[in-house]
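*Asks:* For reference, the structure I am asking about is given below.
2 protein chains.
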Amino acid sequence: MRRKGLASMAVQAAESSAGAAGIPAAGTSAASDVSLGSAVALSCRECGTRVPLGPSFVCLECFGPLEVAYELPTGDPERLRKQIEAGPASMWRYAPLLPVPADVADKPNLNPGFTQLVQADRLAAELGVTGGLYVKDDSGNPTHSFKDRPVAIALEAARAFGFTTLSCSSTGNLAGAVGAAASRAGLRSCVFIPDGLEQSKVVMAAIYGGDLVAIDGTYDDVNRFCSELIGDPLGEGWGFTNVNLRPFYAEGSKTLAYEICEQLGWKLPDQIVIPVASGCQLVKIDKGLRELVELGLVEDKPVRIFAAQAEGCSPVSRAFKDGGVVRPVRRPDTIAKSLAIGDPADGPYVIDICRGSGGAVEDVNDAEIVDAMKLLARTEGVFAETAGGVTLGVTRKLLEAGVVDPSLSTVVLNTGDGLKTLDAVASSSGPSAVIAPSLSAFRAAGLA
Amino acid sequence: MRRKGLASMAVQAAESSAGAAGIPAAGTSAASDVSLGSAVALSCRECGTRVPLGPSFVCLECFGPLEVAYELPTGDPERLRKQIEAGPASMWRYAPLLPVPADVADKPNLNPGFTQLVQADRLAAELGVTGGLYVKDDSGNPTHSFKDRPVAIALEAARAFGFTTLSCSSTGNLAGAVGAAASRAGLRSCVFIPDGLEQSKVVMAAIYGGDLVAIDGTYDDVNRFCSELIGDPLGEGWGFTNVNLRPFYAEGSKTLAYEICEQLGWKLPDQIVIPVASGCQLVKIDKGLRELVELGLVEDKPVRIFAAQAEGCSPVSRAFKDGGVVRPVRRPDTIAKSLAIGDPADGPYVIDICRGSGGAVEDVNDAEIVDAMKLLARTEGVFAETAGGVTLGVTRKLLEAGVVDPSLSTVVLNTGDGLKTLDAVASSSGPSAVIAPSLSAFRAAGLA
Chain A
1 MRRKGLASMA VQAAESSAGA AGIPAAGTSA ASDVSLGSAV ALSCRECGTR VPLGPSFVCL
61 ECFGPLEVAY ELPTGDPERL RKQIEAGPAS MWRYAPLLPV PADVADKPNL NPGFTQLVQA
121 DRLAAELGVT GGLYVKDDSG NPTHSFKDRP VAIALEAARA FGFTTLSCSS TGNLAGAVGA
181 AASRAGLRSC VFIPDGLEQS KVVMAAIYGG DLVAIDGTYD DVNRFCSELI GDPLGEGWGF
241 TNVNLRPFYA EGSKTLAYEI CEQLGWKLPD QIVIPVASGC QLVKIDKGLR ELVELGLVED
301 KPVRIFAAQA EGCSPVSRAF KDGGVVRPVR RPDTIAKSLA IGDPADGPYV IDICRGSGGA
361 VEDVNDAEIV DAMKLLARTE GVFAETAGGV TLGVTRKLLE AGVVDPSLST VVLNTGDGLK
421 TLDAVASSSG PSAVIAPSLS AFRAAGLA
Chain B
1 MRRKGLASMA VQAAESSAGA AGIPAAGTSA ASDVSLGSAV ALSCRECGTR VPLGPSFVCL
61 ECFGPLEVAY ELPTGDPERL RKQIEAGPAS MWRYAPLLPV PADVADKPNL NPGFTQLVQA
121 DRLAAELGVT GGLYVKDDSG NPTHSFKDRP VAIALEAARA FGFTTLSCSS TGNLAGAVGA
181 AASRAGLRSC VFIPDGLEQS KVVMAAIYGG DLVAIDGTYD DVNRFCSELI GDPLGEGWGF
241 TNVNLRPFYA EGSKTLAYEI CEQLGWKLPD QIVIPVASGC QLVKIDKGLR ELVELGLVED
301 KPVRIFAAQA EGCSPVSRAF KDGGVVRPVR RPDTIAKSLA IGDPADGPYV IDICRGSGGA
361 VEDVNDAEIV DAMKLLARTE GVFAETAGGV TLGVTRKLLE AGVVDPSLST VVLNTGDGLK
421 TLDAVASSSG PSAVIAPSLS AFRAAGLA
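In the order they appear, the protein sequences are chains A and B.
Quick note on UniProt numbering: the first sequence kicks off at 1 and runs consecutively.
Quick note on UniProt numbering: the second sequence kicks off at 1 and runs consecutively.
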């Protein structure tokens with residue numbers, strides 16, 4: 001039942017493979033000379049069927065989603081840990097655990113990742129968290145959102161499969177990340193967004209000189225359109241980071257898990273709070289944490305995983321609370337536009353992971369989002385985008401409800417930058433006073 | 001003659017020391033327990049007079065500017081190099097060369113620096129540079145400008161001198177950097193900007209919850225006002241990063257020189273192009289390069305230093321070209337507002353350094369700034385603020401004029417983020433098309 005949407009995409013993909021010269025689809029031919037590090041195949045998350053590495057994303061056996069299967073490094077974990085620590089200050093320090101060539105850091109790319117894990121003591125004090133509170137601040141990435149991570153991996157896949165245009169459906173951040181990565185790499189880009197996004201995101205999606213197409217509709221309309229385009233000769237030679245390159249793209253979010261644990265001194269956190277749009281990021285962070293345990297890089301212990309949504313687009317939160325299936329939200333209405341995916345592909349997996357780990361899914365309204373953005377800025381000097389406000393707002397709400405445990409170590413994700421969602425706070429964040437340049441005027445303002 | 005402005009500030013500072021409890025001024029008492037790493041005193045850049053470490057900025061002997069004097073590490077350069085390379089991925093890897101405590105990285109601060117040095121091969125191809133072209137991209141700092149560097153050092157000085165409020169006069173970027181750093185550190189902040197700055201910078205200056213005061217005037221009016229405030233009881237206990245903490249603050253820009261050389265494999269570049277507002281950054285980068293030579297960390301060779309200004313506020317460029325003194329610009333008029341300092345304190349030093357190194361000072365107009373911003377985004381995926389457009393625009397102009405040598409290795413600085421100067425490109429950077437979500441609509445748009 002979960003796979004209904006994917007089934008139609010799989011049919012499109014299968015149909016498209018006939019027309020797309022040299023581009024293998026699932027279960028058909030695959031590029032024989034593809035070399036993407038320790039990645040060895042694509043594997044269906046549902047039925048385990050394996051297909052060769054290629055731009056495929058849906059299992060033709062069961063319509064389940066494909067993900068990258070690895071032969072990960074074996075042997076002494078201490079040696080692997082040292083190798084990672086001696087690597088570059090970017091996500092490429094984890095290249096041995098990713099579907100990328102070993103020399104990836106030497107190719108023109110944005111070199112994202114290894115962003116700061118902020119020890120948020122002042123925020124912890126305000127929220128009453130005693131077990132250690134950390135903000136993983138991905139606004140430090142090159143285009144100031146976590147999207148640079150998955151795009152960097154999709155770029156390598158695009159190169160490996162010979163694509164000449166990099167594309168995506170996006171709520172804004174991804175469009176900028178794809179545009180920038182394509183320009184650095186010398187590929188053409190053509191990205192698709194819903195009309196009416198924040199000005200910052202629109203400009204950023206356009207500035208890199210590729211084509212930017214606004215679609216009169218929601219993100220889900222944009223996404224459906226991109227699936228159609230893959231099946232059409234118009235889309236020939238196009239790598240859509242989050243559609244036909246999705247299995248590779250998705251792995252980028254694992255690096256958030258790797259970095260958090262390394263930055264905690266090679267330890268798992270007790271609790272982690274993650275925003276949910278498609279849900280892909282949460283699923284892959286969970287996968288990344290488990291891989292570190294399997295590799296012996298961290299000691300196993302329970303990690304409670306919490307998912308955060310905006311009330312105005314909270315299909316996963318609603319399903320978690322009412323115990324039913326994830327029902328699409330037709331018209332998202334929230335200031336957290338980067339999370340406004342009404343029909344989240346990985347929604348059911350998010351619920352499974354949160355429930356199974358002893359976590360939860362919760363949502364907050366627009367006012368709570370703005371409050372949390374300001375709280376984070378005021379206490380830690382981190383200016384998060386609305387999605388970061390969602391994550392911190394949910395953290396606060398779940399702390400107040402006694403669901404998040406204040407005595408445990410807790411990591412909160414900020415996945416984007418406040419400069420991209422300026423409108424959310426602009427009306428309430430301006431000068432305390434406008435004065436003449438004189439001491440008397442300053443004295444009269446009463447601010448000293 | 002150069003020191004006229006500073007002289008009046010020195011008198012104010014000397015007067016203020018009487019009223020400001022516990023705050024030593026130049027040549028008077030100094031905090032005896034101040035420990036700021038290898039910094040041992042403040043020294044006059046003009047006459048060499050030394051005074052103890054303290055919140056002093058003007059020599060009371062000759063009214064020259066004070067700067068930090070060090071006892072830098074001696075001994076095996078290889079050992080120091082290894083120590084640096086094993087340090088954190090922030091500017092604190094150079095802590096032994098800065099006026100900060102050895103444990104600075106463990107204190108709550110924004111941990112700026114160690115931003116990417118982008119090997120700009122595609123840009124080099126467009127500009128005809130064959131000797132290697134690099135963009136030092138400081139938009140990767142926590143508040144997305146180079147200002148996080150000097151502020152991080154000023155913060156340590158403020159802590160050492162017992163200041164409880166962090167303040168500054170700012171064209172925008174500095175205000176955000178001070179607000180964020182103060183919030184992270186748990187200090188109060190009150191920052192001053194000219195009215196009419198870009199919305200992004202105003203919101204960013206306010207979001208961290210300190211006081212933001214807009215002054216009805218130019219940046220130079222704001223700066224004069226801050227100098228008055230230091231001499232008034234209203235400003236008691238206030239550390240102004242770029243006024244009474246300026247000798248410390250200024251050292252932050254040295255880290256740009258350190259990083260560039262380390263990232264080039266411990267080599268000096270042949271040419272470097274630096275934007276000029278007050279000129280402080282260029283002077284300190286020059287100082288940083290010389291220190292690396294003195295320490296034996298890089299081999300000595302000539303480095304040609306070029307300064308970049310915006311035509312609408314180009315007092316240094318004009319003085320360089322006409323061979324006269326730097327005459328203040330009363331009403332700056334440029335889209336590069338972060339460079340709109342009409343009366344640049346370090347202007348004469350900039351001219352000396354550029355002339356002495358075989359470099360030059362040049363300026364570009366608003367259209368050239370925008371063109372350069374788009375060129376950088378299109379070729380390298382770097383979205384620079386207008387100041388970055390100034391630097392690249394001047395680089396291009398000087399290449400075309402045969403002044404910058406295309407056969408030499410060249411580093412261009414991007415000191416800020418395009419998201420903060422959106423208006424400069426917003427009207428010319430939008431969707432290529434707005435279409436219905438259908439293949440026929442996309443086909444009709446003619447973009448495939």
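Think of the CB as a built atom: it goes at the ideal place given N, C-alpha and C, for glycine as much as any other residue.
Since the model is a prediction, treat every value here as computed from it, not as a measurement.
Is the beta carbon of Ser440 (chain B) less than 9 Å from the beta carbon of Pro269 (chain B)?
*Replies:* Against a cut-off of 9 Å, the Cβ pair of Pro269 (chain B) and Ser440 (chain B) comes out as no contact.
*Asks:* Using 8 Å as the Cβ pair cut-off and three pairs as the minimum, do the stretch 374 to 392 of chain A and the stretch 287 to 304 of chain A touch?
*Replies:* Flag = no, the stretch 374 to 392 of chain A and the stretch 287 to 304 of chain A do not touch.
*Asks:* Does the Cβ of Gly47 (chain B) have 16 or more other Cβ atoms within 10 Å, making it buried, or fewer, making it exposed?
*Replies:* The sequence given here has Cys at residue 47 (chain B), not Gly. Cys47 (chain B) is exposed by the Cβ-count criterion.
*Asks:* Tell me which same chain residues have a C-beta within less than 6 Å of the C-beta of Asp137 (chain B), skipping the five on either side of it?
*Replies:* Excluding positions up to five away in sequence, the list reads Thr115, Gln116, Val118, Val382, Asn414.
*Asks:* Residues of chain A with CB closer than 7 Å to the CB of Asn111 (chain B), please, in chain order.
*Replies:* Going along chain A in sequence order, the residues near Asn111 (chain B) (Cβ under 7 Å) are Gln116.
*Asks:* Measure the alpha-carbon distance for residue 470 (chain B) versus Pro406 (chain A) and round it to whole angstroms.
*Replies:* Outside the displayed span of chain B (1 to 448) sits residue 470 (chain B), for which this structure offers no information.
*Asks:* What did DSSP end up calling Pro302 (chain A) once you bin it into helix, strand or coil?
*Replies:* Residue state, collapsed to three classes: coil.
*Asks:* Output needed in chain order: residues of the stretch 432 to 443 of chain A with a Cβ under 8 Å from some Cβ in chain B.
*Replies:* Answer in chain order: Ser432, Ala433, Val434, Ile435, Ala436, Pro437, Ser438, Leu439, Phe442, Arg443.
*Asks:* Flag Tyr70 (chain A) as yes if its beta-carbon sits less than 9 Å from any beta-carbon of chain B, otherwise no.
*Replies:* False, the Cβ-Cβ gap to chain B never drops below 9 Å.
*Asks:* So with CB distances below 8 Å, who are the chain A contacts of Glu126 (chain B)?
*Replies:* Result: empty, since nearest Cβ-Cβ is about 12 Å, beyond 8 Å.
*Asks:* By Cβ distance, which residues of its chain are closer than 8 Å to Ala448 (chain A), with the 5 residues on each side in sequence left out?
*Replies:* Excluding sequence neighbours, Ala448 (chain A) sits near Phe442.
*Asks:* Confirm, please, whether the CB-CB distance from Pro431 (chain A) to Ile207 (chain B) is below 9 Å.
*Replies:* Not in contact: Ile207 (chain B) and Pro431 (chain A) (Cβ atoms no closer than 9 Å).
*Asks:* Counting along the chain, where does the alpha helix (DSSP H) carrying Ala157 (chain B) start and finish?
*Replies:* Run containing Ala157 (chain B): 148 to 160, per the alpha helix (DSSP H) assignment.
*Asks:* So Arg378 (chain A) contacts chain B; which residues on that side make the cut at Cβ distance below 7 Å?
*Replies:* Simply Ser183, Tyr208, Gly209.
*Asks:* Between the C-alpha atoms of Ala340 (chain A) and Cys280 (chain A), what's the straight-line distance to the nearest angstrom?
*Replies:* Spanning the two alpha carbons is a distance of roughly 14 Å.
*Asks:* Any residues in the stretch 356 to 387 of chain A with a beta carbon nearer than 8 Å to a beta carbon of chain B? Which ones, in chain order?
*Replies:* Going along the stretch 356 to 387 of chain A in chain order, one finds Met373, Lys374, Ala377, Arg378, Thr379, Glu380, Gly381, Val382, Phe383 with a Cβ nearer than 8 Å to chain B.
*Asks:* Taking the alpha-carbon positions, what's the Val425 (chain B) to Val370 (chain B) distance?
*Replies:* Their Cα atoms are separated by approximately 7 Å.
*Asks:* Evaluate Ile23 (chain A) with the Cβ neighbour count: other Cβ atoms within 10 Å of its Cβ, from every protein chain shown; 16 or more gives buried, anything less gives exposed.
*Replies:* Any reading at Ile23 (chain A) must be qualified, since the residue scores a pLDDT of 39, below 50, and its modelled position is unreliable; the value itself is stated next. Buried, since its Cβ has 16 or more Cβ neighbours within 10 Å.
*Asks:* Taking the continuous alpha helix (DSSP H) assigned at Asp366 (chain B), which residues delimit it?
*Replies:* Taken as a continuous stretch (DSSP letters only), the alpha helix (DSSP H) holding Asp366 (chain B) covers 366 to 380.
*Asks:* Would you mind telling me which residues of chain A sit closer than 9 Å to Glu85 (chain B), beta carbon to beta carbon, in chain order?
*Replies:* Those do not exist, as Glu85 (chain B) stays about 10 Å from chain A at its closest Cβ, beyond 9 Å.
*Asks:* Closer than 7 Å by beta-carbon distance: list the chain A residues that pair up with Gly217 (chain B), in chain order.
*Replies:* Under the 7 Å cutoff, chain A gives Pro437.
*Asks:* So Tyr134 (chain B) is in the beta strand (DSSP E); what residue range does that whole segment cover?
*Replies:* Here the beta strand (DSSP E) through Tyr134 (chain B) covers 133 to 137.
*Asks:* At a CB distance below 7 Å, what residues from the stretch 193 to 205 of chain A approach chain B? Give them in sequence order.
*Replies:* Answer in chain order: Asp195, Gln199, Ser200, Val202, Val203, Met204.
*Asks:* Which stretch, first to last residue, makes up the alpha helix (DSSP H) that contains Val229 (chain A)?
*Replies:* It is worth fixing the name first, because residue 229 (chain A) is Leu in this sequence and not Val. That run of the alpha helix (DSSP H) goes 219 to 230.
*Asks:* Does any residue of chain A bring its CB to less than 9 Å from the CB of Cys190 (chain B)?
*Replies:* Chain A, which has a Cβ nearer than 9 Å to the Cβ of Cys190 (chain B), makes this yes.
*Asks:* Assuming Ala205 (chain B) contacts Asn109 (chain B) (C-beta within less than 8 Å), just tell me the rounded distance between them.
*Replies:* That belief does not hold up - the Cβ atoms of Ala205 (chain B) and Asn109 (chain B) are roughly 19 Å apart, past 8 Å.
*Asks:* Taking 9 Å as the CB-CB cut-off, is Glu262 (chain A) touching chain D?
*Replies:* This model lacks chain D altogether; the protein chains it does include are A and B.
*Asks:* Please confirm if Asp221 (chain B) has its CB atom under 9 Å from at least one CB of chain A.
*Replies:* So yes, Asp221 (chain B) belongs to the interface.
*Asks:* Listing by chain order, which chain B residues have their CB less than 9 Å from the CB of residue 450 (chain A)?
*Replies:* Outside the shown range of chain A (1 to 448) lies residue 450 (chain A), about which nothing can therefore be said.
*Asks:* To the nearest angstrom, how far is it from the Cα of Ser253 (chain B) to the Cα of Glu400 (chain A)?
*Replies:* The straight-line gap from Cα to Cα measures roughly 44 Å.
*Asks:* Can you give the beta carbon distance from Leu297 (chain A) to Pro77 (chain A), rounded, assuming they're within the 8 Å contact cut?
*Replies:* Going by Cβ atoms, the distance from Leu297 (chain A) to Pro77 (chain A) rounds to 5 Å, so yes, they are a contact pair.
*Asks:* Report the partner residues of Ser362 (chain B) according to the DSSP bridge assignment.
*Replies:* Note that residue 362 (chain B) corresponds to Glu in the displayed sequence, not to Ser. B:Ala308, per the DSSP bridge assignment.
*Asks:* Just to check my reading of the structure: Gly140 (chain A) and Gly140 (chain B) have Cβ atoms closer than 8 Å, yes? What is that Cβ distance to the nearest angstrom?
*Replies:* Their Cβ separation, rounded to whole angstroms, is 7 Å, which keeps Gly140 (chain A) and Gly140 (chain B) in contact under 8 Å.
*Asks:* Assuming Ala177 (chain A) contacts Thr143 (chain A) (C-beta within less than 8 Å), just tell me the rounded distance between them.
*Replies:* Confirmed, Cβ separation roughly 5 Å.
*Asks:* Against Arg122 (chain A), what residues of chain B qualify as contacts under a CB-to-CB distance less than 7 Å, listed in chain order?
*Replies:* Ordered by position in chain B, the residues that pass the 7 Å Cβ test against Arg122 (chain A) are Gly186.
*Asks:* Give the DSSP-derived three-state secondary structure of Thr421 (chain B) in the structure shown.
*Replies:* Correct three-state label for Thr421 (chain B): helix.
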